[in-house]
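Heads up, the thing below is written out as structure tokens.
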Amino acid sequence: MSWGTELWDQFENLEKHTQWGIDVLEKYIKFVKERTEIELSYAKQLRNLSKKYQPKKNSKEEEEYRYTSTRAFLATLNEMNDYAGQHEVISENMTSLITGELTRYVQELKQERKSHFHDGRKAQQHIETCWKQLEASKRRFERDCKEADRAQQYFEKMDADINVTKADVEKARQQAQLRHQMAEDSKAEYSSTLQKFNSEQHDHYYTHIPNIFQKIQEMEERRIVRIGESMKTFAEVDRQVIPIIGKCLDEITKAAESIDHKNDSQLVIEAFKSGFEPPGDIDFEDFTQPMKRTVSESSLSNSRGDGKSEPKFGGKSKGKLWPFIKKNKLMSLLTSPHQPPPPPPASASPSAVPNGPQSPKQQKEPLSHRFNEFMTSKPKIHCFRSLKRGLSLKLGAGPEDFSNLPPEQRRKKLQQKVDELNRDIQKEMDQRDALTKMKDVYIKNPQMGDAASVDQRLAELGQNVEKLRLEVQKFEGWLAEVEGRLPTRTEQARRQSGLYEAQNTSAVNSCAQDRESSPDGSYTEEQSQETEMKVPATDFDDEFDDEEPLPTIGTCKALYTFEGQNEGTISVAEGEMLYVIEEDKGDGWTRIRRNEDEEGYVPTSYVEVYLDKNAKGAMTYI
Numbered sequence: 002m003s004w005g006t007e008l009w010d011q012f013e014n015l016e017k018h019t020q021w022g023i024d025v026l027e028k029y030i031k032f033v034k035e036r037t038e039i040e041l042s043y044a045k046q047l048r049n050l051s052k053k054y055q056p057k058k059n060s061k062e063e064e065e066y067r068y069t070s071t072r073a074f075l076a077t078l079n080e081m082n083d084y085a086g087q088h089e090v091i092s093e094n095m096t097s098l099i100t101g102e103l104t105r106y107v108q109e110l111k112q113e114r115k116s117h118f119h120d121g122r123k124a125q126q127h128i129e130t131c132w133k134q135l136e137a138s139k140r141r142f143e144r145d146c147k148e149a150d151r152a153q154q155y156f157e158k159m160d161a162d163i164n165v166t167k168a169d170v171e172k173a174r175q176q177a178q179l180r181h182q183m184a185e186d187s188k189a190e191y192s193s194t195l196q197k198f199n200s201e202q203h204d205h206y207y208t209h210i211p212n213i214f215q216k217i218q219e220m221e222e223r224r225i226v227r228i229g230e231s232m233k234t235f236a237e238v239d240r241q242v243i244p245i246i247g248k249c250l251d252e253i254t255k256a257a258e259s260i261d262h263k264n265d266s267q268l269v270i271e272a273f274k275s276g277f278e279p280p281g282d283i284d285f286e287d288f289t290q291p292m293k294r295t296v297s298e299s300s301l302s303n304s305r306g307d308g309k310s311e312p313k314f315g316g317k318s319k320g321k322l323w324p325f326i327k328k329n330k331l332m333s334l335l336t337s338p339h340q341p342p343p344p345p346p347a348s349a350s351p352s353a354v355p356n357g358p359q360s361p362k363q364q365k366e367p368l369s370h371r372f373n374e375f376m377t378s379k380p381k382i383h384c385f386r387s388l389k390r391g392l393s394l395k396l397g398a399g400p401e402d403f404s405n406l407p408p409e410q411r412r413k414k415l416q417q418k419v420d421e422l423n424r425d426i427q428k429e430m431d432q433r434d435a436l437t438k439m440k441d442v443y444i445k446n447p448q449m450g451d452a453a454s455v456d457q458r459l460a461e462l463g464q465n466v467e468k469l470r471l472e473v474q475k476f477e478g479w480l481a482e483v484e485g486r487l488p489t490r491t492e493q494a495r496r497q498s499g500l501y502e503a504q505n506t507s508a509v510n511s512c513a514q515d516r517e518s519s520p521d522g523s524y525t526e527e528q529s530q531e532t533e534m535k536v537p538a539t540d541f542d543d544e545f546d547d548e549e550p551l552p553t554i555g556t557c558k559a560l561y562t563f564e565g566q567n568e569g570t571i572s573v574a575e576g577e578m579l580y581v582i583e584e585d586k587g588d589g590w591t592r593i594r595r596n597e598d599e600e601g602y603v604p605t606s607y608v609e610v611y612l613d614k615n616a617k618g619a620m621t622y623i
């Protein structure tokens, strides 16, 4: 089966077919190029996706990756990054093995095709020239034969005519002979040209054209084989990365199987365990007793002297309820509300009540006056320390010993700090050892350097190591105290040391702003350490003391309904009986308590106050 014998007369169609074959090859090259671009784009998107969800350094997300589920997710992200790399390999291999090779082959194919069809056209032109020569020789032979025939007829006519001279007859005879000779010559030339054309035509259709078409056929078959090999390479490039992609998927599966829900649950306990004991039982509140209590029940001295607190506020469990109870903010506890109290309803003004003086209308005292009062009153210095602690927590400045954290969390933070300092010490010591060896080398070989040049650096490293060791000792002391390895020092011992002041967990002089919860809701500990020396303004404490609530100094009855909508106020209903814990200081507000968790300020003109005699005398405000 040969194109030369079967398609000897299909030169134009073969030319179109081979051009179509080159177009198909170029189309396939374009397809592979677009595939490589897709692979690159896909790999880039996968890398960006993996990078997008990678934990950022020094962020809270980085701490979350200690859980097995998040570690598995991180492993998935890393494997997806490798997965993207394999798609980049696919793109690179397809570009080099298919696109590049086929592009060069197409150029060679075009040149070869052009050469073959050029030879074919040349052969066609040659046979056409031979045909033209044959036609010209044939026409000349025909013309000469016709001319010889006419000359013969003219001679015979002249020879038969008796009126024509002998000279004219001879002339006609010579002309006829000349024409016959020319006809014979044309015949011979035509015969020779015909033989030559037949030979050329035979060679053309049986030798030249078959050879040219055979070369074109071989060229086309090579093109077909080459595109088939490229398609195999296309598949093989994908197949080569399948094992690696499969390994990536296996790693993702392995990471998923490594997820341990029990371990993650334990990590949650370690992360958020406070170390506090659950609150104890709440004492029964007997409301059948009369609201007005005796001096022994309400006075601060008796409640302290007996070592028992009031039934409404007694028990150690009260100090432990604060992690679950939302309290008023610190500033609302230090001062009365930020605006003057509202006047009572017009229908029942305080003037309508017999012997009822009007509530003072003066503005609340400036905060600086409150500070001065705290500073000048010794029992309230502890409250000022709590204020500093609250402001410190608001500003985000944590204490060095992490005393603002629950015991368990504090222990973890201290342990991390100790480990970090030990690593720093090891780094410094490694540097010192390296410099010491360098110094020894300089001493043995002075030409290599001056041994004295490293002395200063060695001294600095020694000082750094000493400072870090002191820091480690300090944090280890705090850690030992938290873990219970060191005995707790008494308040007297701490004050004698001149370094610490014990936290007054059952102090008589507790004040309003020392609550069971810190201003921002953070946990506090049973004990705090604070220097008794002069503390700078920025050195704030960072925990609240676990103190008992303010004692009641009397009772009161609500004359009108008051909706406490401002910060620090409390709503009361008309006729409701409540406890008084702080009388009006001239700003028009009285501080009252309903139960353990509800206390706040109400306008003095809205309540009728009954103070205990031993507390503030028998004064009554209406």
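Quick note, the sequence shown lines up with residues 2 to 623 if you use this note's numbering.
Glycine included, each C-beta is placed from N, C-alpha and C at the ideal position.
Reference residue i; option with closest CA among the options
{"i": "residue 180", "options": "210, 164, 153 and 200", "result": "153"}
{"i": "residue 242", "options": "84, 269 and 200", "result": "84"}
{"i": "residue 129", "options": "199, 163, 456 and 607", "result": "199"}
{"i": "residue 551", "options": "593, 469 and 572", "result": "593"}
{"i": "residue 563", "options": "608, 595, 53 and 554", "result": "608"}
{"i": "residue 285", "options": "597, 601 and 426", "result": "597"}
{"i": "residue 409", "options": "574, 482, 431 and 225", "result": "482"}
{"i": "residue 246", "options": "232, 77, 287 and 137", "result": "77"}
{"i": "residue 570", "options": "605, 171 and 118", "result": "605"}
{"i": "residue 118", "options": "17, 96, 208 and 426", "result": "17"}
{"i": "residue 262", "options": "215, 70, 584 and 274", "result": "70"}
{"i": "residue 403", "options": "448, 476 and 14", "result": "476"}
{"i": "residue 583", "options": "599, 555, 36 and 572", "result": "555"}
{"i": "residue 600", "options": "573, 441 and 95", "result": "573"}
{"i": "residue 585", "options": "59, 88, 603 and 575", "result": "603"}
CB of residue i within 8 Å of CB of residue j, strictly
{"i": "residue 238", "j": "residue 30", "result": "no"}
{"i": "residue 234", "j": "residue 41", "result": "no"}
{"i": "residue 436", "j": "residue 406", "result": "no"}
{"i": "residue 156", "j": "residue 187", "result": "no"}
{"i": "residue 47", "j": "residue 2", "result": "no"}
{"i": "residue 110", "j": "residue 23", "result": "yes"}
{"i": "residue 75", "j": "residue 66", "result": "yes"}
{"i": "residue 256", "j": "residue 73", "result": "yes"}
{"i": "residue 86", "j": "residue 213", "result": "no"}
{"i": "residue 624", "j": "residue 416", "result": "Summary: the structure shown does not reach residue 624, with the chain confined to residues 2 through 623, and so no result is reported for it."}
{"i": "residue 4", "j": "residue 206", "result": "no"}
{"i": "residue 197", "j": "residue 131", "result": "yes"}
{"i": "residue 211", "j": "residue 6", "result": "yes"}
{"i": "residue 421", "j": "residue 466", "result": "no"}
{"i": "residue 484", "j": "residue 412", "result": "yes"}
{"i": "residue 138", "j": "residue 191", "result": "yes"}
{"i": "residue 183", "j": "residue 149", "result": "yes"}
Test: residue i CB closer than 8 Å to a CB of chain C
{"i": "residue 84", "result": "Of the chains in the structure shown, none is chain C; there is only one protein chain."}
Local conformation of residue i per DSSP, three classes
{"i": "residue 364", "result": "Caution is warranted here: a pLDDT of 42 is assigned to residue 364, below 50, making its placement in the model unreliable, and no coordinate value can be reported."}
{"i": "residue 563", "result": "strand"}
{"i": "residue 607", "result": "helix"}
{"i": "residue 319", "result": "Unreliable placement is indicated for residue 319, whose pLDDT of 39 sits below 50; no coordinate value is reported for it."}
{"i": "residue 207", "result": "helix"}
{"i": "residue 68", "result": "coil"}
{"i": "residue 101", "result": "helix"}
{"i": "residue 327", "result": "Low confidence applies to residue 327: its pLDDT is 41, below 50, so where it sits in the model is not reliable enough to give any reading."}
{"i": "residue 155", "result": "helix"}
{"i": "residue 519", "result": "A caution first: residue 519 carries a pLDDT of 38, below 50, which makes its placement in the model too unreliable to give a value."}
{"i": "residue 165", "result": "coil"}
{"i": "residue 536", "result": "Confidence in residue 536 is poor, its pLDDT being 37 and thus under 50, which makes the residue's placement unreliable; the coordinate value appears in the next sentence. Looking at residue 536 - three-state DSSP - the assignment turns out to be coil, as it is neither helix nor strand."}
{"i": "residue 414", "result": "helix"}
{"i": "residue 139", "result": "helix"}
{"i": "residue 277", "result": "coil"}
{"i": "residue 42", "result": "helix"}
{"i": "residue 587", "result": "coil"}
{"i": "residue 485", "result": "coil"}
{"i": "residue 430", "result": "helix"}
Which residues DSSP lists as bridging residue i, in chain order
{"i": "residue 573", "result": "563"}
{"i": "residue 581", "result": "555 and 593"}
{"i": "residue 600", "result": "594"}
{"i": "residue 250", "result": "In DSSP, residue 250 forms no bridge with anything."}
{"i": "residue 612", "result": "555"}
Validate contact between the segment 553 to 567 and the segment 579 to 587 using beta carbons, cut 8 Å, 3 pairs: yes
Stretch pair the segment 32 to 41 + the segment 211 to 229: three plus CB contacts closer than 8 Å: As far as the Cβ criterion goes, the segment 32 to 41 does not touch the segment 211 to 229, which means the pair count is below three.
Inter-stretch contact at 8 Å, needing at least 3 Cβ pairs: the segment 121 to 132 / the segment 259 to 269: no
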